[in-house]
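Asker: Could you have a look at this structure, given as structure tokens, before my questions?
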Amino acid sequence: VTEYTKRQLTVPHDILPVISAIAKCIATRTGGTYLAGLWKETLHLDLLWWISDPEDPIHQHGDRPNSWRGPSWSWIGVQG
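This note's numbering numbers the first residue of the sequence shown as 1 and each following residue consecutively.
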């Protein structure tokens with residue numbers, strides 16, 4: 001996710017379908033359950049996510065996208 005979001009995309013809203021497709025492949029191989037950007041099996045740990053570069057002005061406040069993308073408890077709900 002970190003590496004993908006660093007890229008300049010021609011269609012920025014493509015990120016969720018791409019990540020979802022990757023997660024589906026992983027889930028097929030591992031038997032895991034993907035929940036809005038986090039894995040059910042490790043949800044107690046995954047909920048501890050944070051924005052890794054607080055000095056970056058884009059990430060300082062965890063900007064929310066203009067339109068709803070996902071729940072606030074997931075990285076999906078933050079733009080950047």
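Glycine is no exception: its CB is placed at the ideal position from the N, C-alpha and C atoms.
Which of the three DSSP states, helix, strand or coil, is assigned to Trp49?
Answerer: Looking at Trp49 - three-state DSSP - the assignment turns out to be coil, as it is neither helix nor strand.
Asker: Note the first and the last residue of the continuous alpha helix (DSSP H) segment covering Val18.
Answerer: Ile15 to Thr30 is the extent of the alpha helix (DSSP H) around Val18.
Asker: Can you tell me whether Trp68 is helix, strand or coil according to DSSP?
Answerer: Trp68 falls in the coil class under three-state DSSP.
Asker: Return the CA-CA distance between Cys25 and Glu3, expressed in angstroms with no decimal places.
Answerer: Rounded to whole angstroms, Cys25 to Glu3 spans 18 Å at the Cα level.
Asker: On the CB-based measure, 16 or more other CB atoms within 10 Å of its CB, does Gly31 come out buried or exposed?
Answerer: Exposed, since its Cβ has fewer than 16 Cβ neighbours within 10 Å.
Asker: If I'm right that Thr33 touches Glu41 with Cβ under 8 Å, what's the distance once you round it to whole angstroms?
Answerer: That belief holds up - the Cβ atoms of Thr33 and Glu41 are roughly 7 Å apart, short of 8 Å.
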